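Participant:
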Amino acid sequence: MKVKRIVHLFLIMVLISSMFASMVSANEDLEKLSLVALGDSITFGHNLANPASEAFPNYIGQGLFDVTNLAYPGWTSSQLLEALLSNPAYTSSLKEADLITLNIGNNDLLQATEFGKIVTGQKELNPVELAQAVELASVQIAQNLEQIFGIIRSQSEAPILFYNIYNPTVPGPTEFEQTFYYLAGQMAQLVNEEVIHKFHSPDYGIFVLDAFSAYEGKQAQYLLPQDIHPNLEGHYVLADLANALLAELLQPPVDAELILELTASTTEETTGPVTISVSANYELVVAMWLAGDKNVTEFATEGNEFVGEFEVTKNGTYTVFGLTAEGLVGIGYITIENIVEEEPVVEEPIEEEPVVEEPIEEEPVEEEPIEEEQPVEEKVTPPAKEDKKLGSGNKLPNTATPLYNYLLLGFGLLLIGSLSMYAQHRKKSNF
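Using the numbering used here, you'd call the opening residue of the sequence shown number 3 and step up by one each time.
#1: My understanding is that residue 233 touches residue 226, with C-beta atoms under 8 Å, so please give their C-beta distance in whole angstroms.
#2: Taking 7 Å as the cut-off, decide whether the C-beta atoms of residue 341 and residue 317 are in contact.
#3: Distance check for residue 175 and residue 199, CA to CA, integer angstroms please.
#4: Do the stretch 70–82 and the stretch 35–51 meet, that is, are 3 or more Cβ pairs less than 8 Å apart?
#5: Beta-carbon within less than 6 Å of residue 153's beta-carbon, same chain only, minus the 5 sequence neighbours each way: which residues are those?
#6: Run through DSSP, which three-state label would residue 261 get?
#7: What does residue 71 pair with, by DSSP beta-bridge criteria?
#8: Give the single residue among 263, 178 and 155 whose Cα lies nearest to the Cα of residue 123.
#9: Beta-carbon separation of residue 246 and residue 330 under 7 Å?
#10: By the 10 Å Cβ neighbour count, where 16 or more other Cβ atoms means buried, how is residue 418 classified, buried or exposed?
#11: Output the distance between the C-alpha atoms of residue 276 and residue 296, rounded to the nearest integer angstrom.
#12: Using only alpha-carbon positions, find the residue among 325, 97, 112 and 212 that is nearest to residue 171.
#13: Return the residue from the list 60, 327 and 97 that minimises the CA-CA distance to residue 158.
#14: By a C-beta neighbour count over all protein chains shown, 10 Å radius and 16 as the cutoff for buried, is residue 79 buried or exposed?
#15: Compute the Euclidean distance between the alpha carbons of residue 344 and residue 314, then round it to the nearest angstrom.
#16: Buried or exposed: where does residue 59 fall if 16 or more other Cβ atoms within 10 Å of its Cβ makes it buried?
#17: In or out: residue 228 buried (at least 16 other Cβ within 10 Å) or exposed?
#18: In the DSSP assignment, the beta strand (DSSP E) including residue 311 goes from what residue to what residue?
#19: Round the Cβ separation of residue 210 and residue 107 to the nearest angstrom and send it over; I've been treating them as touching at under 8 Å.
#20: Looking at the unbroken beta strand (DSSP E) that takes in residue 277, where does it start and where does it end?
#21: Suppose the cutoff is 6 Å on Cβ atoms and the five residues either side in sequence are ignored; what does the same chain contact list for residue 169 look like?
#22: Just to confirm, is the Cβ distance from residue 37 to residue 67 under 7 Å?
#23: DSSP has residue 270 in a bridge; who is on the other side?
#24: Could you pull out every residue in the same chain whose Cβ sits closer than 8 Å to the Cβ of residue 320, ignoring the five residues on either side in sequence?
#25: Could you tell me whether the Cβ atoms of residue 165 and residue 105 are closer together than 7 Å?
#26: Answer with buried or exposed for residue 95, where buried requires no fewer than 16 other C-beta atoms within 10 angstroms of its C-beta.
#27: Taking only runs of the beta strand (DSSP E) that begin and end inside the stretch 108–174, which ones reach a length of at least 3 residues, in chain order?
#28: By Cβ distance, which residues of its chain are closer than 6 Å to residue 125, with the 5 residues on each side in sequence left out?
#29: For residue 328, which option in 203, 251 and 242 has the closest C-alpha, if you only look at C-alpha atoms?
#30: Output needed for residue 270: all residues of its chain with C-beta closer than 8 Å, excluding positions within five of it in sequence on either side, in chain order.
#31: Indicate whether residue 280 and residue 309 have their beta-carbon atoms separated by less than 7 Å.
#32: Is DSSP giving residue 197 helix, strand or coil here?
#33: Tell me the start and end of each unbroken alpha helix (DSSP H) in the stretch 210–259 that is at least 4 residues and wholly inside, in chain order.
#34: Once the 5 residues before and after residue 102 are set aside, which same chain residues still bring their CB inside 6 Å of it?
#35: Tell me which same chain residues have a C-beta within less than 8 Å of the C-beta of residue 262, skipping the five on either side of it?
#36: Are the CB atoms of residue 83 and residue 128 nearer to each other than 7 Å?
Right, here's the structure in full:
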């Protein structure tokens with residue numbers, strides 16, 4: 003049933019708004035739940051300045067809910083039943099609902115007893131006829147409600163807050179006003195006891211809220227002037243009935259304590275992960291964990307939901323939050339210190355066997371004869387004649403030596419001398 007989820011989220015809201023007032027704004031960050039409001043003009047907020055935001059469903063849960071108001075002024079239980087059977091908008095909304103409010107049956111009685119005509123004096127107040135009309139109307143309301151709850155339950159598991167019927171009259175100074183106030187109260191109480199209260203079934207997720215007692219004797223304070231509909235204060239009262247019920251669901255048994263035991267799957271060194279198992283002395287409807295040393299309020303906006311156990315991969319402290327259907331809250335802690343980093347695997351080099359390459363027989367290649375190139379006769383350019391004239395430019399350095407000239411001259415003189423001597427010798431011999 004979604005009752006457990008409502009209890010969980012309402013608990014967090016109460017902790018934030020009551021125990022930790024400085025964090026009231028934190029509930030704005032919570033994911034809002036869906037509230038579907040069914041009923042008649044009371045639920046609709048008829049004759050209020052702004053029914054869309056001032057009708058009582060908007061004040062339930064202190065902003066925890068997104069409200070879809072499907073109520074319609076003047077509707078009886080028969081008309082609501084018809085809408086549930088034929089209007090797809092009701093079916094789709096109920097499937098998404100986390101909480102449902104129902105206020106119906108008022109117009110069944112008003113129409114059966116011709117309440118308006120009695121108030122305006124168009125019809126005489128007859129207690130016997132009034133009782134007979136109430137009895138017939140009660141039978142029809144009971145039959146319709148049985149089908150209404152059956153349809154709602156076929157489409158949603160959300161808890162249903164069912165308002166009973168309050169006395170819509172204000173006691174006045176005249177005898178008629180006093181008598182009518184009394185009879186209207188008896189009429190409402192009869193339907194409440196014989197019909198509406200019999201549908202109260204917490205195990206089935208139906209909770210009857212006592213609007214009759216909340217309004218009794220205070221109609222002048224809670225109703226609009228000359229009207230049977232609640233004023234703004236009267237809508238606050240109806241919303242407070244719902245809030246009080248949700249708070250009541252949170253009340254834990256006397257002297258009860260939720261104890262959480264956290265156990266690690268191993269305390270030996272491991273590369274992880276480590277599984278943390280959680281056990282409790284009460285059945286948990288909500289279990290969440292967070293890394294670090296946390297407190298209850300930190301689970302209002304974050305947390306990892308789990309069932310029975312969860313895994314961690316890093317060392318450190320871990321906090322577990324637990325909630326029971328009775329509203330007990332518990333916190334548990336465990337510190338993990340045995341997760342070690344996995345050592346990298348070093349791969350040894352693989353020795354590869356040398357590959358023996360077989361010699362490849364090369365086929366002889368026939369070389370083509372290379373034609374010898376004919377020598378190229380180089381033309382020697384004779385050196386240019388040295389210009390020995392003065393003023394003709396730079397001269398080459400004179401590196402010649404006169405030694406050879408001297409030798410030649412000496413040789414010539416020696417030859418001349420020898421010939422001369424030979425001639426004189428012949429001449430002397432002839433004589």
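Virtual Cβ for every residue (Gly too), placed ideally from N, Cα, C.
Nothing here was measured: the structure is a model prediction, and the numbers come from that model.
Facilitator: Checking against the coordinates, here is how it stands:
#1: On the sequence shown, position 231 is the one that residue 233 refers to. On the sequence shown, position 224 is the one that residue 226 refers to. That belief holds up - the Cβ atoms of residue 233 and residue 226 are roughly 5 Å apart, short of 8 Å.
#2: Start at 1 with the first residue of the sequence shown, and residue 341 comes out as number 339. Start at 1 with the first residue of the sequence shown, and residue 317 comes out as number 315. Taking 7 Å as the Cβ cut-off, residue 341 and residue 317 qualify as a contacting pair.
#3: Along the sequence shown, read from residue 1 onward, the residue named residue 199 stands at position 197. Along the sequence shown, read from residue 1 onward, the residue named residue 175 stands at position 173. Each residue's alpha carbon lies about 32 Å from the other.
#4: yes
#5: What you label residue 153 is simply residue 151 of the sequence shown in a count that begins at 1. Answer for residue 153: 86, listed in chain order.
#6: Counting from one through the sequence shown, the residue named residue 261 turns up at place 259. Coil.
#7: For the purposes of this step, residue 71 is taken as residue 69 along the sequence shown, with counting starting at 1. Note: residue 71 sits in a beta bridge opposite 39.
#8: Translated into the one-based positions of the sequence shown, residue 123 becomes position 121. Checked all of 263, 178 and 155; the closest Cα to residue 123 is 178.
#9: As a working note, residue 246 is residue 244 in the sequence shown. As a working note, residue 330 is residue 328 in the sequence shown. No, they are not a contact pair.
#10: By 1-based counting over the sequence shown, the position of residue 418 is 416. Exposed, since its Cβ has fewer than 16 Cβ neighbours within 10 Å.
#11: Here residue 276 refers to the residue found at position 274 when the sequence shown is read from its first residue. Here residue 296 refers to the residue found at position 294 when the sequence shown is read from its first residue. Rounded to whole angstroms, residue 276 to residue 296 spans 20 Å at the Cα level.
#12: Here residue 171 is taken as the residue at index 169 of the sequence shown, counted from 1. Checked all of 325, 97, 112 and 212; the closest Cα to residue 171 is 112.
#13: Counting from one through the sequence shown, the residue named residue 158 turns up at place 156. Closest option to residue 158, Cα to Cα, is 97.
#14: The residue given as residue 79 occupies position 77 in the sequence shown. Buried, by the Cβ-count rule.
#15: Locating residue 344 in the sequence shown gives position 342, counting from the first residue. Locating residue 314 in the sequence shown gives position 312, counting from the first residue. Taking the straight line from one Cα to the other gives about 15 Å.
#16: Taking the first residue of the sequence shown as position 1, residue 59 is located at position 57. It counts as buried.
#17: Taking the sequence shown and counting its residues from 1, one reaches residue 228 at position 226. With fewer than 16 other Cβ atoms within 10 Å, it is exposed.
#18: Against the sequence shown, residue 311 aligns to sequence position 309. Run containing residue 311: 311–314, per the beta strand (DSSP E) assignment.
#19: Against the sequence shown, residue 210 aligns to sequence position 208. Against the sequence shown, residue 107 aligns to sequence position 105. Not confirmed; about 12 Å, so no contact.
#20: In the sequence shown, residue 277 corresponds to position 275, counting from 1. 276–282 is the extent of the beta strand (DSSP E) around residue 277.
#21: By one-based count along the sequence shown, residue 169 stands at place 167. So the qualifying residues of the chain are 186, 187 and 190.
#22: For the purposes of this step, residue 37 is taken as residue 35 along the sequence shown, with counting starting at 1. For the purposes of this step, residue 67 is taken as residue 65 along the sequence shown, with counting starting at 1. Yes, Cβ-Cβ distance for residue 37 and residue 67 is below 7 Å.
#23: Taking the sequence shown and counting its residues from 1, one reaches residue 270 at position 268. Paired residue(s): none; residue 270 is not in a bridge.
#24: In the sequence shown, residue 320 corresponds to position 318, counting from 1. Same-chain partners within the cutoff: 264, 278, 291, 292, 293, 294, 314, 335, 336, 337 and 338.
#25: For the purposes of this step, residue 165 is identified with residue 163 of the sequence shown, where counting begins at 1. For the purposes of this step, residue 105 is identified with residue 103 of the sequence shown, where counting begins at 1. In contact: residue 165 and residue 105 (Cβ atoms closer than 7 Å).
#26: Reading the sequence shown from its first residue, position 93 is the one you call residue 95. Taking all protein chains in view, the Cβ of residue 95 is crowded by 16 or more other Cβ atoms within 10 Å, so the residue is classified as buried.
#27: Annotation note: the stretch 108–174 contains the following uninterrupted beta strand (DSSP E) runs of length 3 or greater, listed N- to C-terminal: 162–165.
#28: Taking the sequence shown and counting its residues from 1, one reaches residue 125 at position 123. Once the five neighbours on either side are set aside, the close Cβ partners of residue 125 are 116 and 119.
#29: In the sequence shown, counting from the first residue as 1, residue 328 sits at position 326. Of the listed residues, the one whose Cα sits closest to residue 328 is 251.
#30: Taking the sequence shown and counting its residues from 1, the one referred to as residue 270 is at position 268. So the qualifying residues of the chain are 340.
#31: The residue you call residue 280 lines up with position 278 of the sequence shown. The residue you call residue 309 lines up with position 307 of the sequence shown. Not in contact: residue 280 and residue 309 (Cβ atoms no closer than 7 Å).
#32: The residue labelled residue 197 in the question sits at position 195 within the sequence shown. Residue 197 falls in the coil class under three-state DSSP.
#33: 213–217, 221–224 and 234–251
#34: Residue numbering aside, residue 102 sits at position 100 when the sequence shown is read from its first letter. Once the five neighbours on either side are set aside, the close Cβ partners of residue 102 are 38, 160 and 162.
#35: Counting from one through the sequence shown, the residue named residue 262 turns up at place 260. These residues qualify, in order along the chain: 280, 281, 282, 322, 324, 332, 333 and 334.
#36: For the purposes of this step, residue 83 is taken as residue 81 along the sequence shown, with counting starting at 1. For the purposes of this step, residue 128 is taken as residue 126 along the sequence shown, with counting starting at 1. Not in contact: residue 83 and residue 128 (Cβ atoms no closer than 7 Å).
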